[in-house]
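Protein chains in written order, with the numbering used here: chain A, 1 to 137; chain B, 1 to 379. Beta carbons are placed, not taken as given, at the ideal position from N, Cα and C, and that holds for glycine. Reading through the C-alpha cells given below for one structure.
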Amino acid sequence: MAEPQRARPKPTPETQHFWDGTKAGELRLQRCDACAHVYFPPRPFCPSCASRRVSVFKASGKGFLYSYVINHRPAAPGFTPPYAIAVVELAEGPRMMSNIIDCPQTPEALELDMKLEVAFEALDDKITLPVFRPAKG
Amino acid sequence: MRRNQVAVVGAAETTELGVIPTMSQLQLHADAALNAIADAGLKLSDIDGFATAVETPQQVCHYLGIRPTWVDGTSVGGCSFMLHVRHAAAAIEAGLCKTVLITHAESGKSMIGKAPRSIPADSLQGQFEAPYGVYGPPSMFPIPVLRFMKTYGITHEQLAAVAVVQREWAAKNPRAMMKDPITVADVLNSRMIAYPFRLLQCCLVTDGGGALILTSADRARDFPRKPVYIMGTGESVETPMVSQMETFNSSRAFKTAGPLAFKEAGIAHKDVDHLMIYDAFAHLPLFGLGDLGFMPHEETGKFIADGNTRPGGKLPLNTNGGGLSYMHSGMYGMYALQESVRQMRGIAPAQVPNAKISVCHGVGGMFAASGTIVFTNER
Numbered sequence: 001m002a003e004p005q006r007a008r009p010k011p012t013p014e015t016q017h018f019w020d021g022t023k024a025g026e027l028r029l030q031r032c033d034a035c036a037h038v039y040f041p042p043r044p045f046c047p048s049c050a051s052r053r054v055s056v057f058k059a060s061g062k063g064f065l066y067s068y069v070i071n072h073r074p075a076a077p078g079f080t081p082p083y084a085i086a087v088v089e090l091a092e093g094p095r096m097m098s099n100i101i102d103c104p105q106t107p108e109a110l111e112l113d114m115k116l117e118v119a120f121e122a123l124d125d126k127i128t129l130p131v132f133r134p135a136k137g
Numbered sequence: 001m002r003r004n005q006v007a008v009v010g011a012a013e014t015t016e017l018g019v020i021p022t023m024s025q026l027q028l029h030a031d032a033a034l035n036a037i038a039d040a041g042l043k044l045s046d047i048d049g050f051a052t053a054v055e056t057p058q059q060v061c062h063y064l065g066i067r068p069t070w071v072d073g074t075s076v077g078g079c080s081f082m083l084h085v086r087h088a089a090a091a092i093e094a095g096l097c098k099t100v101l102i103t104h105a106e107s108g109k110s111m112i113g114k115a116p117r118s119i120p121a122d123s124l125q126g127q128f129e130a131p132y133g134v135y136g137p138p139s140m141f142p143i144p145v146l147r148f149m150k151t152y153g154i155t156h157e158q159l160a161a162v163a164v165v166q167r168e169w170a171a172k173n174p175r176a177m178m179k180d181p182i183t184v185a186d187v188l189n190s191r192m193i194a195y196p197f198r199l200l201q202c203c204l205v206t207d208g209g210g211a212l213i214l215t216s217a218d219r220a221r222d223f224p225r226k227p228v229y230i231m232g233t234g235e236s237v238e239t240p241m242v243s244q245m246e247t248f249n250s251s252r253a254f255k256t257a258g259p260l261a262f263k264e265a266g267i268a269h270k271d272v273d274h275l276m277i278y279d280a281f282a283h284l285p286l287f288g289l290g291d292l293g294f295m296p297h298e299e300t301g302k303f304i305a306d307g308n309t310r311p312g313g314k315l316p317l318n319t320n321g322g323g324l325s326y327m328h329s330g331m332y333g334m335y336a337l338q339e340s341v342r343q344m345r346g347i348a349p350a351q352v353p354n355a356k357i358s359v360c361h362g363v364g365g366m367f368a369a370s371g372t373i374v375f376t377n378e379r
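Structural data, given as C-alpha cells:
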C-alpha cells in the first residue's frame, strides 16, 4: 500500500501565478496598484480598496515566526508527529501558514519572533510548497 | 433591534447526551425538537419559522413535518445558533413568522448519518493551510495561543486553570460528561495534543443536540415556562483561515459581535450576572473576556486562575462545565444557549442565585465567526 500522502494543493485560475512562482523558486505576492496594499492569499483585486489593478511581485522571502503549534495527535497524512504548524509574518506584511524546516520541532528551538527565510519543497513535478527555515546570519 | 420584544419559550437538549449509538444525526435533531415542543406546550403545527445549521432546513423540516413560512440555514460553525436567535428575533419582530424552532444536533462521536468534514484541494484552505499538516480543530484552533501568551504575559498554569475551574462547575451537573475534580498539575501532565495544549485543554467529542423555540414577548406570557427575553444580539465573521486572522492578540469577530450585543441590550459589564463563552479550547474564555471588554486581555489569565469565574466567584462563567467538561458535539453553541436559558429560568443544576442577565458568546470555526446573545428574565 502506498504511503498516505500529504494534502496537495490544486491551483485555481486566481492562484496559478503563486504556484508557478514557487515552482520557479519565487515567493510571489500581490500589491495593489491603486493603494499599495500587499496581500495574501491571491486574488485578482485588492481586498483593501477593491481595485482590480493589482500586480504580482517577487517577495523577499524574509519573515519571522508569528505563532505555531507542535502537533502531536492526530497527525495529518504524510506527517510524522511531533511537527510544527507555523504562521510566518512576511517582511512585506502578509502572514502565511507554513512548516519550519532545518530546526528541531521543540518549544525551545522554535522561538517566537525568530527570523526565517523561505525555502521550497517540491511535492511533485506540478506543486512546490513554500516552507521556511531559520535565517542564516 | 428593540430589546426584550422576543422571548425563548421552549428549550431542551436531546434526551441523552454523550455517546448515543442508537440515533442518527437527523433523529437527534428530532429528539431535541420534540423535547423543546413539549417544553413549550406546543404542537409541531404551531411552528411557522425554522432554523438549523449543517443539516439543511428542508431536511429537518421534512423529517419533522414542519411547513415553515420563514427559514434560516445560516451555517457558520458552532455559533450558528446564536445567529439563528438573532435572525429569528428580527423575523418575529418584522412579522415574517410567529413561532420559530431552532435545532442543532450532531453525531459527533458516533458519526451516524453525519457527513465527514473535508477540505477541497482547490479551496484557499486546501491550497494554503492543509498542505502544512493541519488535521482537525486541535491542530488549528490553538495556533494563536503562543502569540497571545507572549503579548499579554499569560502563563501555561493560567491556561490550565481554565479547565480546572470548569471541572468544578461540571461536578455540580449530573448531565456533565466529565465530573471528577482535576488540578493544574493534572492538566499540565495530561497527554500532549498540540503544544501548548494538552488533552484536558481540548473539548470533548460527544453526540447530542438541542432546540429552542422563540416567539414574541407579548405571546410569551401565555406559555408554561418563565419567558427568557432576548435583550441584545450581535454577530460577525472574519476568516475561515486561522492563519489569516488580522491578529492573534484578539478576535475581530468577537470584538464586533460582543459590543453590538452589549450596546443593543443597553447594559454595562457590571450588570452581567452570568456568562457563557464557548470554550472549544482553553484559550477561548481569555479571548472572550478581553474582546467582550470585561477586562484588558493581560488580566484575563489571572482573573480565571484567581477563582473569579468558579462557583461562588464574582463572574460565574461556563456554569454547565463548558465544552471542556459538559459536552461538545462539534458545534457547542446550542449547549451554551441552553445553559443561559436554564440560568434565566432559575433551573440550572449549578444555579447562580438571583441571576437576571446572562451573556452567551459563541465562536464558529477557528475564530471564523461569532455570535453574542444577551438574555434577561425581566422585561
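What is the DSSP secondary structure of Met-241/B, counted as helix, strand or coil?
Here the question's residue 241/B lines up with position 241 in the second sequence. It is coil, neither helix nor strand.
Which residue marks the beginning of the alpha helix (DSSP H) containing Leu-42/B, and which one marks its end?
In the second sequence, the residue the question calls residue 42/B occupies position 42. Neither: Leu-42/B is in no alpha helix (DSSP H) and is coded neither H nor E.
What residues of chain A sit near Lys-150/B, judged by a beta carbon separation below 9 Å?
If you number the second sequence from 1, residue 150/B lands on position 150. Near Lys-150/B (Cβ distances below 9 Å), the residues of chain A are Ser-67, Leu-112, Asp-113.
Just grab the DSSP bridge partners of Gly-198/A for me.
Any answer about residue 198/A is impossible in this case: the structure gives chain A only from 1 up to 137.
Can you list the residues of chain B that Pro-9/A reaches, using a CB-CB cut of under 7 Å?
Numbered from 1 along the first sequence, position 9 holds the residue referred to as residue 9/A. In chain order: Ala-121, Gly-126, Gln-127, Pro-131.
I need the DSSP call for Leu-29/A, collapsed to helix, strand or coil.
Looking up residue 29/A in the first sequence gives position 29. DSSP places Leu-29/A in strand when its eight states are reduced to three.
Specify whether the segment 52-59 of chain B and the segment 230-241 of chain B touch according to this definition: at least 3 beta carbon pairs, one from each stretch, less than 8 Å apart.
Touching, no.
From Val-20/B to Gly-365/B, what distance separates their C-alpha atoms?
Translated into the one-based positions of the second sequence, residue 20/B becomes position 20. Translated into the one-based positions of the second sequence, residue 365/B becomes position 365. Checking the displayed sequence, the identity of residue 20/B turns out to be Ile instead of Val. Each residue's Cα considered, the two are about 24 Å apart.
Provide the residue span of the alpha helix (DSSP H) that contains Pro-57/B, from first to last.
Mapped onto the second sequence, residue 57/B falls at position 57. Element bounds for Pro-57/B: 57-64.
Which of the three DSSP states is assigned to Leu-324/B in this structure?
Position 324 of the second sequence, counted from the start, is the residue given in the question as residue 324/B. Looking at Leu-324/B - three-state DSSP - the assignment turns out to be helix.
Can we say the segment 347-356 of chain B touches the segment 205-223 of chain B, given the rule of at least three CB pairs closer than 8 Å?
Flag = no, the segment 347-356 of chain B and the segment 205-223 of chain B do not touch.
Using the Cα positions of Ala-217/B and Pro-227/B, report the straight-line distance between them to the nearest angstrom.
Within the second sequence, the letter at position 217 stands for residue 217/B. Within the second sequence, the letter at position 227 stands for residue 227/B. Those two C-alpha atoms are separated by around 8 Å.
Secondary structure at Ser-236/B, three-state DSSP: helix, strand or coil?
Taking the first residue of the second sequence as 1, we reach residue 236/B at position 236. Note: Ser-236/B maps to strand in three-state DSSP.
Beta strand (DSSP E) containing Gly-362/B: first to last residue?
Counted from its first residue, the second sequence places residue 362/B at position 362. Unbroken beta strand (DSSP E) run through Gly-362/B: 357-364.
Output the residue ranges of the alpha helix (DSSP H) runs that lie fully inside the segment 126-156 of chain B and measure 4 residues or longer, sorted by chain position.
With a minimum length of 4 residues, the continuous alpha helix (DSSP H) runs that stay inside the segment 126-156 of chain B are 137-140, 145-152.
Among the candidates Gln-27/B, Leu-17/B, Asp-48/B, whose CA atom is the shortest distance from the CA of Leu-214/B?
Position 214 of the second sequence holds residue 214/B. That would be Asp-48/B, whose Cα lies nearest to the Cα of Leu-214/B.
Where does Asp-186/B fall in DSSP's three states?
On the second sequence, position 186 is the one that residue 186/B refers to. In the structure shown, Asp-186/B sits in a helix (DSSP, three-state: H, G or I).
So, helix, strand or coil for Glu-246/B, using DSSP?
Within the second sequence, numbered from 1, the residue matching residue 246/B stands at position 246. Glu-246/B: coil per DSSP, three-state reduction.
For Asp-207/B, which of helix, strand or coil comes out of DSSP?
Numbered from its first residue, the second sequence carries residue 207/B at position 207. Strand, per DSSP.
Quick check on the DSSP output: the beta strand (DSSP E) that includes Phe-57/A runs from which residue to which?
Taking the first sequence and counting its residues from 1, the one referred to as residue 57/A is at position 57. Element bounds for Phe-57/A: 54-58.
With 9 Å as the C-beta to C-beta threshold (strictly closer), list the residues of the segment 246-266 of chain B near chain A in chain order.
Answer set for the segment 246-266 of chain B: Phe-248.
Start and end of the alpha helix (DSSP H) containing Met-344/B?
The residue you call residue 344/B lines up with position 344 of the second sequence. Per DSSP, Met-344/B belongs to the alpha helix (DSSP H) from 333-345.
Gly-49/B lies in the alpha helix (DSSP H); which residues open and close that run?
In the second sequence, residue 49/B corresponds to position 49, counting from 1. Careful: Gly-49/B lies outside any alpha helix (DSSP H), inside the beta strand (DSSP E) at 49-52.
Are any of the Cβ atoms in chain B nearer than 9 Å to that of Ile-85/A?
Position 85 of the first sequence holds residue 85/A. Taking Cβ atoms only, chain B reaches closer than 9 Å to Ile-85/A, which makes this a yes.
Would you kindly report the start and end of the unbroken beta strand (DSSP E) that includes Asn-129/A?
Within the first sequence, residue 129/A is the residue found at index 129, counting from 1. Note that residue 129/A corresponds to Leu in the displayed sequence, not to Asn. It spans 128-134 - the beta strand (DSSP E) in which Leu-129/A sits, taken as one unbroken run.
Consider the Cβ of Glu-117/A: report whether some Cβ of chain B lies at a distance smaller than 9 Å.
If you number the first sequence from 1, residue 117/A lands on position 117. By this cut-off, Glu-117/A is not an interface position.
Under a CB-based cut-off of 9 Å, is Pro-142/B close to chain A?
The residue given as residue 142/B occupies position 142 in the second sequence. Chain A contact via Cβ: present.
When you compare each of Cys-61/B, Gly-133/B, Lys-150/B to Gln-5/A by their alpha carbons, which one comes out closest?
Locating residue 5/A in the first sequence gives position 5, where the first residue counts as 1. Ranking Cys-61/B, Gly-133/B, Lys-150/B by Cα distance to Gln-5/A puts Gly-133/B first.
Would you kindly work out how many angstroms separate the C-alpha atoms of Arg-198/B and Met-97/A, rounded to a whole number?
As a first step, residue 198/B must be located in the second sequence, where it is residue number 198. As a first step, residue 97/A must be located in the first sequence, where it is residue number 97. Whole-angstrom Cα-Cα distance: 22 Å.
Alpha carbon to alpha carbon, what distance is there between Tyr-66/A and Arg-147/B?
By one-based count along the second sequence, residue 147/B stands at place 147. By one-based count along the first sequence, residue 66/A stands at place 66. C-alpha separation (whole angstroms): 7 Å.
Could you check if Gly-25/A is buried or exposed, using at least 16 other CB atoms within 10 Å of its CB as the buried criterion?
The residue given as residue 25/A occupies position 25 in the first sequence. Exposed.
Would you check if the distance between the CB atom of Leu-64/B and the CB atom of Thr-99/B is smaller than 9 Å?
Within the second sequence, the letter at position 64 stands for residue 64/B. Within the second sequence, the letter at position 99 stands for residue 99/B. No, the Cβ-Cβ distance between Leu-64/B and Thr-99/B is not below 9 Å.
With 9 Å as the threshold, decide whether the Cβ of Ala-50/A is near any Cβ in chain B.
As a position in the first sequence, residue 50/A is number 50, starting the count at 1. By this cut-off, Ala-50/A is not an interface position.
Leaving aside the five residues before and after Asp-386/B along the sequence, list all residues of the same chain whose C-beta is less than 7 Å from its C-beta, in chain order.
Coverage of chain B is limited to positions 1 through 379, which leaves residue 386/B absent and any answer about it impossible.
Here's a check: name, in chain order, each residue in its chain whose Cβ is nearer than 8 Å to the Cβ of Pro-107/A, leaving out the five neighbours to either side.
Reading the first sequence from its first residue, position 107 is the one you call residue 107/A. Cβ neighbours of Pro-107/A beyond the five flanking positions: Ile-70.
In three-state DSSP terms, what is Ala-76/A?
In the first sequence, residue 76/A corresponds to position 76, counting from 1. Coil at Ala-76/A, not helix or strand.
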